[in-house]
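Trainee: These protein sequence lines map, in sequence, to chains A and B. Numbered according to numbering that gives the first Met the number 0, the first sequence spans residues 0 to 425. Numbered according to numbering that gives the first Met the number 0, the second sequence spans residues 0 to 349. Just so you know, even glycine gets a beta-carbon here, dropped at the ideal spot from N, CA and C. Mind looking over this structure? Questions follow.
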Amino acid sequence: MKQILIKNARVIDPKNNLDKKIDLYIAKKKIAGIGNAPENFNPQQTIDAENLWLIPGVVDLCARLREPGLEQKADIETETRAAASAGITTLCIPPDTDPVIDEPAVVELILRKAKLAKQSHVFTLGALTAKLKGEHLSEMASLKEAGCLGVSNARNAVSNPLILRRAFEYASTHNITVFIEPHDKYLSTQGCAHEGAIASRLGLNAIPYAAETAPIAQILELIRDTDIRVHFGRLSCARSIELISDAKNNGLKVSADVAAHQLHLTDMDISSFNSQYHVIPPLRSQRDMQALRTGIANGIINSICSDHQPHEIDAKLAPFPATEPGISSIETLLPLTLKLVDDGDLDLSTAIASITCNPAKTLGLNSGHLSIGQAANLCLIDPEKEWIFSNNEILSHGKNTPFSGWHFRGQVVKTLLEGRSIFSAK
Amino acid sequence: MVNKPTRRTDDIIGKDLWNIQLDDNGQLKHFLTIEGLGTNILNQILDTAESFAGVNESVKKVPLLRGKTIVNLFFEASTRTRTTFELAAKRLSADVLNMNISVSATSKGETLLDTLRNLEAMQTDMFVVRHADSGTAHFIANHVAPHIRVLNAGDGRHAHPTQAMLDMFTIRRNKGANFGKLRVAIVGDILHSRVARSQIHALNTLNTGEVRIVGPKTLIPKDVESMGVNVFHNLEDGIQDADVVIMLRLQRERMQGALLPSEQEYFQLYGLTEARFALAKPDAIVMHPGPINRGVEIESSVADGERSVILDQVTYGIAVRMAVMSMTLGGNVGGNVGGHMNSENQEKKQ
Numbered sequence: 000m001k002q003i004l005i006k007n008a009r010v011i012d013p014k015n016n017l018d019k020k021i022d023l024y025i026a027k028k029k030i031a032g033i034g035n036a037p038e039n040f041n042p043q044q045t046i047d048a049e050n051l052w053l054i055p056g057v058v059d060l061c062a063r064l065r066e067p068g069l070e071q072k073a074d075i076e077t078e079t080r081a082a083a084s085a086g087i088t089t090l091c092i093p094p095d096t097d098p099v100i101d102e103p104a105v106v107e108l109i110l111r112k113a114k115l116a117k118q119s120h121v122f123t124l125g126a127l128t129a130k131l132k133g134e135h136l137s138e139m140a141s142l143k144e145a146g147c148l149g150v151s152n153a154r155n156a157v158s159n160p161l162i163l164r165r166a167f168e169y170a171s172t173h174n175i176t177v178f179i180e181p182h183d184k185y186l187s188t189q190g191c192a193h194e195g196a197i198a199s200r201l202g203l204n205a206i207p208y209a210a211e212t213a214p215i216a217q218i219l220e221l222i223r224d225t226d227i228r229v230h231f232g233r234l235s236c237a238r239s240i241e242l243i244s245d246a247k248n249n250g251l252k253v254s255a256d257v258a259a260h261q262l263h264l265t266d267m268d269i270s271s272f273n274s275q276y277h278v279i280p281p282l283r284s285q286r287d288m289q290a291l292r293t294g295i296a297n298g299i300i301n302s303i304c305s306d307h308q309p310h311e312i313d314a315k316l317a318p319f320p321a322t323e324p325g326i327s328s329i330e331t332l333l334p335l336t337l338k339l340v341d342d343g344d345l346d347l348s349t350a351i352a353s354i355t356c357n358p359a360k361t362l363g364l365n366s367g368h369l370s371i372g373q374a375a376n377l378c379l380i381d382p383e384k385e386w387i388f389s390n391n392e393i394l395s396h397g398k399n400t401p402f403s404g405w406h407f408r409g410q411v412v413k414t415l416l417e418g419r420s421i422f423s424a425k
Numbered sequence: 000m001v002n003k004p005t006r007r008t009d010d011i012i013g014k015d016l017w018n019i020q021l022d023d024n025g026q027l028k029h030f031l032t033i034e035g036l037g038t039n040i041l042n043q044i045l046d047t048a049e050s051f052a053g054v055n056e057s058v059k060k061v062p063l064l065r066g067k068t069i070v071n072l073f074f075e076a077s078t079r080t081r082t083t084f085e086l087a088a089k090r091l092s093a094d095v096l097n098m099n100i101s102v103s104a105t106s107k108g109e110t111l112l113d114t115l116r117n118l119e120a121m122q123t124d125m126f127v128v129r130h131a132d133s134g135t136a137h138f139i140a141n142h143v144a145p146h147i148r149v150l151n152a153g154d155g156r157h158a159h160p161t162q163a164m165l166d167m168f169t170i171r172r173n174k175g176a177n178f179g180k181l182r183v184a185i186v187g188d189i190l191h192s193r194v195a196r197s198q199i200h201a202l203n204t205l206n207t208g209e210v211r212i213v214g215p216k217t218l219i220p221k222d223v224e225s226m227g228v229n230v231f232h233n234l235e236d237g238i239q240d241a242d243v244v245i246m247l248r249l250q251r252e253r254m255q256g257a258l259l260p261s262e263q264e265y266f267q268l269y270g271l272t273e274a275r276f277a278l279a280k281p282d283a284i285v286m287h288p289g290p291i292n293r294g295v296e297i298e299s300s301v302a303d304g305e306r307s308v309i310l311d312q313v314t315y316g317i318a319v320r321m322a323v324m325s326m327t328l329g330g331n332v333g334g335n336v337g338g339h340m341n342s343e344n345q346e347k348k349q
């Protein structure tokens, strides 16, 4: 097997509190040494990473690849290639594919396609309820057996609290983490914008804070005195962070993530009806955005994800409320996260942890860190490279992004998956 | 690390909300929303409408838009608004094409853009658009060929700027041009009303002394004070000493959405009766964008009373729409053409 030496990189691994210029040795697809060469090490390839950062491969907690079911938007091959170009070596897709991931055959289909694509590792969540309808429990144990890292009802809220409670109990029985995108369909009133001055002015159906916070409060009460693990994903409200902070203080096993775009955009951005800013949950106020940033800094929110939702062009070419929500964001996860460091809101270690070891831990994966014996999933970054993001140049099949034209600093140079290069910058 | 500001560039969909209405010379190009238009533009619309109001009484037609084709593109049912746009276009000698799209194209899977491309190919010059989605007029203005003008005839809850301008015209005719001394109360379902939003922007742009909105909390949008209004939940307080009272139409659907208990209770609390109207200034006028729900938002004796200007609003609607059509489609015409028209009319009268 090929042996690789990466020398002179600044190696940053938050989990192991490592941040220094040191050599890293890869053998048999794994990290074989850090600082000290393993015995009989004779590299076929040496990468001089002078002035570069070496971080664990990025782990994306939530990315929709659109396959199976919506291949006009994107597919596993195109999107894992895009992920690799953005330093992502592991990603997890929610169960709202078509067909829904509520039986092992769908999991097998996705994993087989991903394996054929030979890009980033793909994992799935399984459905919490059959067909995501919120009426019957899914076969969670079988789904776990098939490889699902957890269960979720995605954006389809379970409106019956008794079914929700039993789903939690059943998941807990099998030691399965439940992933929740908190959202009440009645309170959301099929809205498309944050309830506030902007939506009032534009006459858009508004989504109040309570559409997110009321379900969180309800779920936290349902899981009191249980040992179930619940992960709240894609938070948008300052109040949600308070609720989760209190729950953590009370000893509940809860964790949370936020989509990267929620840390950079606010409802002000929709004021020209630009459908590229149409996302669910909606972009909230400046105060919420700052609270989300602070929530990551103080550890209440442990992860940042892409919430990648690629679309075909037509999906965004309509009046704002009639467009499909979501951003093709897999290629902006890393640069938007690094920008939080430039903005002074996160230290570098916290920023990198939020897209590597923290999401890996939430998914129950022993990855996202650089320990000897780990698979050599790595990302090399040129930290000083300034570049302009353009939706014409991204690899994702979905070109729907409001970040086109943004200036970023720090760009992926190389992505390695189990020691194999899956992306190299030109 | 260095904190570097992030630059954002416009993309095709999101050009500036307000400026797309104006051409490089600051003249009205599309009429999508009142918001962002200056007092000068609004006064130009009112002045031009004033001259056309005279035209309507004397001669029925002027040749200003001869050879132009105007498409009434209505994705939402409407009789009154569509008719006044049609009359306005015909009095300007334009050819008019009425399209009720809700029943034809979109049900066959054709997208809004497909529909627009087809109409563009028929060498049309202006789209008058009504659609149930907020932002539709902006979307269309951002995507049509450069020579086509877009008038918003109502988009979702967002804007209905010609209605607001005919209301301003009605107020100016009755109360004079000094809006600064006026107190205007808008009563009813503000939440769902594109008319109210456009009225609020127009009144504030014309420097109205005080703009009030009145309604139960379920029908008042969040943080609406930021649009420059004072909010009242009690009708008696809200219309106290008002110079103008604008009653909005209450849709029956509001009862289903748990926004209101019943029409009866709404009338008890927010219906404009003679006794309540007496709380406004003695010379106050009452307005309504129509159609009226008698006995729901307004008592018949008030709607038909001598201080009601509701039918004037309908009449003025044609002149205001002629003004906006000629300003956007007639090139750089503005108030001068109005003056020119007047003299032409006088010649014809002689």
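Can you tell me the Cα-Cα spacing of glutamine 345 of chain B and arginine 79 of chain B, whole angstroms?
Mentor: Only weak support exists for where glutamine 345 of chain B lies, its pLDDT of 38 falling under 50; the coordinates are left without a value.
Trainee: Which term fits asparagine 141 of chain B, buried or exposed, when burial requires 16 or more other beta carbons within 10 angstroms of its beta carbon?
Mentor: Its Cβ being crowded by 16 or more others within 10 Å, asparagine 141 of chain B is buried.
Trainee: Could you tell me the alpha carbon to alpha carbon distance between methionine 0 of chain B and arginine 9 of chain A, rounded to whole angstroms?
Mentor: Residue confidence for methionine 0 of chain B is low, a pLDDT of 40 falling below 50, so the modelled location carries little weight; the figure read from the coordinates is stated next. When rounded, the distance between both Cα atoms is 16 angstroms.
Trainee: Would you identify the three-state DSSP class for proline 55 of chain A, choosing helix, strand or coil?
Mentor: Proline 55 of chain A: strand per DSSP, three-state reduction.
Trainee: For lysine 221 of chain B, would you say it is in contact with chain A, using Cβ-to-Cβ distances shorter than 8 angstroms as the test?
Mentor: Interface residue, yes.
Trainee: Along chain B, which residues have their Cβ under 9 angstroms away from the Cβ of leucine 316 of chain A?
Mentor: Chain B residues near leucine 316 of chain A: Ile12, Thr110, Leu111, Leu112, Phe138 and His142.
Trainee: What span of residues does the alpha helix (DSSP H) with methionine 226 of chain B cover, start to end?
Mentor: Element bounds for methionine 226 of chain B: n/a, residue is neither H nor E.
Trainee: Under DSSP, the beta strand (DSSP E) around proline 382 of chain A begins and ends at which residues?
Mentor: 377-387 is the span of the beta strand (DSSP E), which, as asked, contains proline 382 of chain A.
Trainee: Do you know how far the Cα of phenylalanine 168 of chain B is from the Cα of cysteine 191 of chain A?
Mentor: If you take the alpha carbons of cysteine 191 of chain A and phenylalanine 168 of chain B, they lie about 34 angstroms apart.
Trainee: Mind checking whether threonine 47 of chain B and methionine 326 of chain B have CB atoms under 8 angstroms apart?
Mentor: Yes, they are a contact pair.
Trainee: At a Cβ threshold of 8 angstroms, is proline 334 of chain A touching chain B?
Mentor: Chain B, which has no Cβ nearer than 8 angstroms to the Cβ of proline 334 of chain A, makes this no.
Trainee: Identify the continuous beta strand (DSSP E) that holds serine 420 of chain A and give its terminal residues.
Mentor: Counting along the chain, the beta strand (DSSP E) containing serine 420 of chain A begins and ends at 419-423.
Trainee: Nearest to glutamine 43 of chain A by CA position, among A/Tyr24, A/Val57 and A/Gly32, is which residue?
Mentor: When each option's Cα is compared against that of glutamine 43 of chain A, the closest is A/Tyr24.
Trainee: Once the 5 residues before and after aspartate 183 of chain A are set aside, which same chain residues still bring their CB inside 7 angstroms of it?
Mentor: Closer than 7 angstroms at Cβ, skipping near neighbours: Ala156, Ala210, Ala213 and Pro214.
Trainee: Which residue or residues does DSSP assign as beta-bridge partners of aspartate 256 of chain A?
Mentor: DSSP, once it has assigned bridges, lists A/Ser302 as partnering aspartate 256 of chain A.
Trainee: Which two residues bound the contiguous alpha helix (DSSP H) that contains glutamate 211 of chain A?
Mentor: Counting along the chain, the alpha helix (DSSP H) containing glutamate 211 of chain A begins and ends at 209-221.
Trainee: Compute the Euclidean distance between the alpha carbons of serine 197 of chain B and threonine 204 of chain B, then round it to the nearest angstrom.
Mentor: Taking the straight line joining both Cα atoms gives about 10 angstroms.
Trainee: Between which two residues does the alpha helix (DSSP H) holding leucine 347 of chain A run?
Mentor: Leucine 347 of chain A -> alpha helix (DSSP H) spans 347-352.
Trainee: Taking the C-alpha atoms as reference points, what is the distance between glutamate 242 of chain B and lysine 280 of chain B?
Mentor: It is aspartate, not glutamate, that sits at residue 242 of chain B in the sequence shown. For aspartate 242 of chain B and lysine 280 of chain B, the distance between alpha carbons rounds to 6 angstroms.
Trainee: Can you tell me where the beta strand (DSSP E) holding asparagine 97 of chain B begins and where it ends?
Mentor: Taken as a continuous stretch (DSSP letters only), the beta strand (DSSP E) holding asparagine 97 of chain B covers 94-99.
Trainee: Of all the options A/Arg233, A/Glu180 and A/Lys14, which has the alpha carbon lying nearest to the alpha carbon of isoleucine 351 of chain A?
Mentor: For isoleucine 351 of chain A, the nearest C-alpha among the options comes from A/Lys14.
Trainee: Following the continuous alpha helix (DSSP H) through threonine 135 of chain B, name the residue where it begins and the one where it ends.
Mentor: Threonine 135 of chain B -> alpha helix (DSSP H) spans 135-142.
Trainee: Could you work out which residues of chain B lie near glutamate 66 of chain A, taking near to mean beta carbons separated by less than 8 angstroms?
Mentor: Ordered by position in chain B, no residue passes the 8 angstroms Cβ test against glutamate 66 of chain A, which lies about 24 angstroms from the chain.
Trainee: Among the residues of its own chain, which have a CB less than 7 angstroms from the CB of isoleucine 219 of chain B, if the five just before and after it don't count?
Mentor: These residues qualify, in order along the chain: Ile189, Leu190, Ile212 and Val230.
Trainee: Where does cysteine 356 of chain A fall in DSSP's three states?
Mentor: DSSP places cysteine 356 of chain A in helix when its eight states are reduced to three.
Trainee: Could you give the distance in angstroms between the alpha-carbon of alanine 374 of chain A and the alpha-carbon of leucine 416 of chain A?
Mentor: So the alpha carbons of these two residues sit roughly 8 angstroms apart.
Trainee: Helix, strand or coil for alanine 257 of chain B? Go by DSSP, reduced to three states.
Mentor: Reduced to three states, the DSSP call for alanine 257 of chain B is coil.
Trainee: Could you give the first and the last residue of the continuous beta strand (DSSP E) run that contains glycine 409 of chain A?
Mentor: 406-416 is the extent of the beta strand (DSSP E) around glycine 409 of chain A.
Trainee: Please report how far the alpha carbon of lysine 67 of chain B lies from the alpha carbon of leucine 291 of chain A, in whole angstroms.
Mentor: Distance between the alpha carbons of lysine 67 of chain B and leucine 291 of chain A is about 54 angstroms.
Trainee: Quick check: is any heavy atom of the ligand HEM less than 7 angstroms from the C-beta of asparagine 390 of chain A?
Mentor: By its list of ligands, the structure shown contains no ligand whatsoever, and the ligand HEM lies outside what it can speak to.
Trainee: Which chain A residues are close to histidine 157 of chain B, counting only those with a beta carbon under 8 angstroms from its beta carbon?
Mentor: The answer, in chain order, is Leu201, Gly202 and Leu203.
Trainee: Any chance the stretch 375-384 of chain A sits against the stretch 86-100 of chain A, with 3 or more Cβ pairs inside 8 angstroms?
Mentor: With the cut-off at 8 angstroms, the stretch 375-384 of chain A and the stretch 86-100 of chain A touch.
Trainee: Are the C-beta of threonine 135 of chain B and some C-beta of chain A separated by less than 8 angstroms?
Mentor: Chain A contact via Cβ: present.
Trainee: Nearest chain B C-beta to glutamate 330 of chain A closer than 8 angstroms, yes or no?
Mentor: With 8 angstroms as the cut-off, glutamate 330 of chain A does not count as an interface residue toward chain B.
Trainee: Counting along the chain, where does the alpha helix (DSSP H) carrying leucine 333 of chain A start and finish?
Mentor: Here the alpha helix (DSSP H) through leucine 333 of chain A covers 332-341.
Trainee: Please report how far the alpha carbon of isoleucine 300 of chain A lies from the alpha carbon of isoleucine 317 of chain B, in whole angstroms.
Mentor: Answer to the nearest angstrom: the Cα atoms are 58 angstroms apart.
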